[in-house]
Amino acid sequence: MYWRIGGVEHYVLNLEEVKGVARPRPRSATFSGTQDSTMGVTRWASSPCRQLLAGATAQGVYLWNHKPFAQLSSLVYETTEFGRIVDLAWAPSGDTLFVALSRGYIYELSVQRRGDRVLEYVFATQHYFARGPGEENGIGGVGLAQRRTFRLPDTNSDVVCAGAAKYAMVATGSHVYRMTWAGALKSSVTVSEVYGRGGDVEVVQMGVLGDTDMEYFVFSDGSVRIIGNVGDSVDMVGDNVQTLDGLDATALDYSATSMMMAVGTTTGTVYLYALEGKQLHRVGRADGNGRVRALRWSADGTAVACVHATGHIVMRTLLGREVNSTRVGDIEFVAWGVGARVFAAGARNAWGLGFARAMSSAGNSVCLFSDDMVLVQARGVDEGAVWRVEHVAASYAGANAPIRVAACSADGRVAVAGTRGMAVSTGHGRWRLQRAARERIVEYTALAWSGSHVAAACVDHARNTARLEFWMGGRALDAPAASIDLDARAVVVSAHGSAVLVLSEHGMLSEYALAAGGAQVELRRAVDVAACGVDAHCVRQVMWAPGACGDSGAAVVVVQGAQLRVVRDGRASTVGRAEHVSISSVNIGSMHSAVWWYDGMQVLAAPVSLDDFMSNDTRALDRGPSVHLPLDFYPLVIAADHGMVIGLDQDSVGTHAPMLRGTLFLPSLLSHMLHTSEPDALMYAASFEHRGFFAHAMEKLLHEALVNDMRLDRTVRMLAHFAQFDDIVVHCARKTEAAFWPQLFECVGGAARLFMRCLNNGRLRTAAQSLLILQTMEPPEVAAKCVVQLLARASRAKSVGLCTEVLRFVRATSVSDKEMHALYVRLK
């Protein structure tokens, strides 16, 4: 997930009304607030490589570099013979730009990349600045030139919008045209046929859902149509058309990586749909304020940036949870850059926002990384969250930022990889770098720590081969300790003990391990998950299911898009919705481990028994979750040894320490274990008795059992084995409504009996805290006798403070002075 890091950069667009050509140097828009912008950008389009931004005014097309934000080229037309510019569309190759004009004409512009490199950027104030992350090699020169002009068959109605995909799409008031990027007309269909019923509507947005043959259309009345099996001709009947009415839709975007579609509405609500097969299913809803003007998925498909009419950019997770909201100004467009950077723009202003995202960690620590910086939680939860902030070595970040993949070891060392090469931190603010010759030719696609080694999947562009390399984390990065060639580019790498799982882009999951001596890599086994219907390009996590070690028919747990799936025996089954998954070890009694996943609202868990582990059975996942843990923050780590879920609950992080949040999962898991095996629950609870939060966790367990009327007798029997039992019962009762007390103390043995046990065990403060319960549960004479006994014991112990508290309580609860006098007589 993404959290905003650093400040918001503001730019003023430099637009001109003269016919322009590309300048020899790009001129940055930063600090150009004194320039007079005479026109406004009405349409924006981000290039497929996410590095270039095209903007259109009524008569001109402008080209900017995303970071650093600088104008590269402009093409302004002096005549409006063919109408005003309506929309822009990029070809997938990134070298062609279609410009749709209102009177039915299309300009085909070529985006020409020149060989010159600009190493200095001139501001409007004529100051120079040092090159930053990713700017070491400067900006490549880019120019715009017009190739051809096309005319649509229907020129009686104005062009209203255009779409870019495998082919170009242009909509007029009456027709939708599909064209090849060479300008040939593929097919056309009337707007009324797409809409499906009568009505005066226009197409306001359209496109293709990723690499599928499905098109989407958003109409001016807020309805959405999804049309499947689009070829040279379109069948508008049956299952080919899905209608989403009643949404009041204003914007739509689809992520091919996560197979998710987001739809913004006039009310500010964002609806989320998952594409499963050929059908869309609503899986989430996120409420917001103000009309949604634009939205865009991140490159990894885990976050969607939404622009509202209130001027806010709201970051939402895969399944709709809001994690960040930033108000910047009047925004009409939003796009993601190459790294974790968001660009937002209006008619005359633009803004850049940097974000940090979570990285994989071999330990129970929260780790984040941005385009050129890492934040690592250096110590555990009990010792306090101490953070280490490290900027990636300037020599590496200058040429290779933004950082694309990162991984953290159990002891806090970090490995990062940008556009080329890799860097590994020593944990003391210093970095080990590869040789320059290797750094220039090797691209790392996935990283994971396996013990003291960094397992790195890479592509060697000099040899045109894919490899898996093992690097010793504490040594110089001169040469890998061991490596092995791969059949295809790796998209996911994960470590499981001494084994490393590698998922290739062709869908082959392979397990590798270092041979004895660590000089060679051996292949242990392989599973073809693509044959089971798993799309490797949509997989974010992959791991063996518990019990898979050493089994040739092992089950695989994958997170594909927004689905948690289990691959076993040549088929894949869906467990539920998930943003991420982890497996924690328990190893208590008959319980082996637990599989945890987050569904956007709560953390769910499926405990795995020892029998299931030994037989490599996935029944625990097939049955679904047994533990439900609602959260009000975003979870990042399952800290199994602390019995809690840890995450972040803040809009932004900076170079200061982020604020961690945590909640105990121990009560929920113990409640499940009490249902299956009381001895296992007792042993598991005993393993946390030394923790400072143990008593609080048991209070929550007892409270849930009491209020929900679930296994109260079993819970009390288990808690009675611990020395803090009386404290737990009293504290739980004082935090619970008195209506539940009779049920609780019936299981405990009575309030007076608990009081006497506290008195006999020397727990005078706990006995004092139970006085209110005694007055409610016992006759007045019994309560008065207990007060006298407590005061006598407290006076003998010379606890003046406790005596004062007890007397103050008696004074506050006594009916009359006569009762107070009787108490003093008994004390004497």
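In this note's numbering, the protein residues as written are 355 to 1182.
We put the beta carbon where it would ideally sit given N, CA and C, even for glycine.
Practice task
Note down the Cα distance separating serine 447 from glutamate 793, rounded to an integer number of angstroms.
Solution key: Going from the Cα of serine 447 to the Cα of glutamate 793 covers about 26 Å.
Problem - Boundaries (first-last residue) of the alpha helix (DSSP H) holding histidine 1026 - result: 1020-1030 is the extent of the alpha helix (DSSP H) around histidine 1026.
Problem - C-alpha gap between threonine 604 and alanine 885, whole angstroms - result: Their backbone Cα atoms lie some 38 Å apart in a straight line.
Problem - DSSP-derived helix/strand/coil call for asparagine 678 - result: Asparagine 678: strand per DSSP, three-state reduction.
Exercise for the section: Provide the residue span of the alpha helix (DSSP H) that contains cysteine 1086, from first to last. Expected result: Cysteine 1086 -> alpha helix (DSSP H) spans 1079-1088.
Exercise for the section: Please specify which runs of the beta strand (DSSP E), each continuous and at least 3 residues long, are wholly inside the segment 906-972, giving them in chain order. Expected result: Given a length threshold of 3 residues, each whole run of the beta strand (DSSP E) inside the segment 906-972 is given here in chain order: 910-914, 917-922, 925-931, 934-942, 945-952 and 956-963.
Handout entry: Distance between arginine 1045 and alanine 1039 (C-alpha atoms, nearest Å)
Key = In a straight line, the C-alpha of alanine 1039 is about 10 Å away from that of arginine 1045.
Practice task
Would you kindly work out how many angstroms separate the C-alpha atoms of alanine 836 and glycine 700, rounded to a whole number?
Solution key: Cα to Cα, the separation comes out at about 51 Å.
Practice task
Starting from the C-beta of leucine 426, find all residues in its chain whose C-beta is less than 6 Å away, skip the five residues before and the five after it, and write them out in chain order.
Solution key: If you ignore the 5 residues before and after leucine 426, its C-beta comes within less than 6 Å of the C-beta of Pro380, Leu417, Asn419 and Val496, all in its own chain and listed in chain order.
Exercise for the section: Below 7 Å CB to CB, which residues in the same chain sit around alanine 610 once its five sequence neighbours on both sides are set aside? Expected result: Residues Gly564 and Asp565 of the same chain have their beta carbon placed closer than 7 Å to that of alanine 610, with the five preceding and five following residues left out of the count.
Problem - C-alpha distance - arginine 1088 paired with isoleucine 1127, whole-angstrom precision - result: Approximately 8 Å between the Cα atoms of the pair.
Practice task
Kindly indicate which three-state DSSP category aspartate 1063 falls into: helix, strand or coil?
Solution key: Correct three-state label for aspartate 1063: coil.
Exercise for the section: Could you tell me which residues DSSP pairs with serine 848 in its beta bridges? Expected result: Per DSSP, Leu855.
Exercise for the section: Take every Cβ of the segment 1010-1028, pair it with every Cβ of the segment 1046-1057, and state whether three or more of those distances are shorter than 8 Å. Expected result: The segment 1010-1028 makes contact with the segment 1046-1057; the number of CB pairs closer than 8 Å reaches 3 or more.
Handout entry: Residue of Arg878, Leu831, Arg843 and Gly871 minimising C-alpha distance to valine 854
Key = With distances taken between Cα atoms, valine 854 lies closest to Arg878.
Practice task
With asparagine 754 as the anchor, note down where its alpha helix (DSSP H) starts and where it stops.
Solution key: Segment 748-754, the alpha helix (DSSP H) holding asparagine 754.
Problem - Cβ-Cβ separation, glutamine 914 to valine 846 (assumed contact under 8 Å), whole Å - result: Separation of the CB atoms of valine 846 and glutamine 914 is rounded to 11 Å, and the pair is thereby denied contact status at 8 Å.
Handout entry: Best match in Ala1092, Leu1118 and Met1064 for proximity to aspartate 1081 [C-alpha to C-alpha]
Key = Of Ala1092, Leu1118 and Met1064, the residue nearest in Cα terms is Leu1118.
Practice task
Return helix, strand or coil for proline 1033, following the three-state DSSP convention.
Solution key: In the displayed model, proline 1033 falls within a helix according to three-state DSSP.
Exercise for the section: For alanine 753, collect the residues of the same chain with a Cβ closer than 7 Å to its Cβ; drop the 5 residues on either side in sequence, then sort them by chain order. Expected result: If the five residues before and after alanine 753 are omitted, its C-beta is found closer than 7 Å to the C-beta atoms of Glu490 and Asn491, all from its own chain and listed in chain order.
Exercise for the section: Give every residue of the same chain whose Cβ lies closer than 6 Å to the Cβ of asparagine 1115, excluding the five residues on either side of it in the sequence, and list them in chain order. Expected result: None.
Handout entry: Proximity winner among Arg789, Ala790, Arg784 and Leu840, relative to threonine 799 (alpha-carbon distances)
Key = In terms of Cα proximity to threonine 799, the closest of Arg789, Ala790, Arg784 and Leu840 is Leu840.
Handout entry: Through-space distance from valine 362 to asparagine 678, alpha-carbon basis
Key = In a straight line, the C-alpha of asparagine 678 is about 13 Å away from that of valine 362.
Practice task
Throw me the rounded Cβ distance for the threonine 680 and alanine 657 pair, which I believe falls under 8 Å.
Solution key: Between threonine 680 and alanine 657, the beta carbon gap of about 14 Å keeps them out of contact (Cβ cut-off 8 Å).
Exercise for the section: Please determine if the segment 614-624 and the segment 636-649 are in contact, where contact requires at least 3 C-beta pairs separated by less than 8 Å. Expected result: In short, these stretches touch, since the Cβ pair count reaches three.
Problem - glutamate 865 in three-state terms, based on DSSP - result: Here glutamate 865 sits in strand by DSSP.
Exercise for the section: Could you tell me which of Glu823, Ala694, Asp1003 and Glu435 sits nearest to glutamine 874, measuring between CA atoms? Expected result: Closest by alpha carbon: Glu823.
Exercise for the section: In the DSSP assignment, find the alpha helix (DSSP H) that holds cysteine 1101 and state where it starts and stops. Expected result: Counting along the chain, the alpha helix (DSSP H) containing cysteine 1101 begins and ends at 1095-1102.
Handout entry: Distance, valine 746 Cα to tryptophan 340 Cα
Key = Since the first and last residues shown for the chain are 355 and 1182, residue 340 lies out of range.
Handout entry: For valine 893 and serine 927, the rounded distance between their alpha carbons
Key = The C-alpha of valine 893 is placed about 15 Å away from the C-alpha of serine 927.
Handout entry: Beta-carbon contacts of glycine 550 that lie in its chain and below 8 Å, excluding the five residues immediately before and after
Key = Beyond the five residues adjoining it in sequence on each side, glycine 550 comes within less than 8 Å, by CB distance, of Arg579, Met590, Val595 and Thr597 in the same chain, given in chain order.
Problem - Unbroken beta strand (DSSP E) run spanning arginine 636, endpoints - result: From DSSP, the beta strand (DSSP E) with arginine 636 extends over 633-640.
Practice task
Specify, as a first and last residue, the run of the alpha helix (DSSP H) that valine 1213 falls within.
Solution key: Nothing about residue 1213 can be read from this structure; the chain reaches only from 355 to 1182.
Handout entry: 9 Å Cβ cutoff, tryptophan 951 in contact with chain D
Key = Absent from the structure is chain D; it holds one protein chain and no more.
Exercise for the section: Confirm, please, whether the CB-CB distance from serine 1124 to leucine 1145 is below 9 Å. Expected result: No; because the gap between Cβ atoms is not below 9 Å, this pair is not in contact.
Handout entry: Exposure label - threonine 450; buried when at least 16 CB within 10 Å
Key = So threonine 450 counts as buried.
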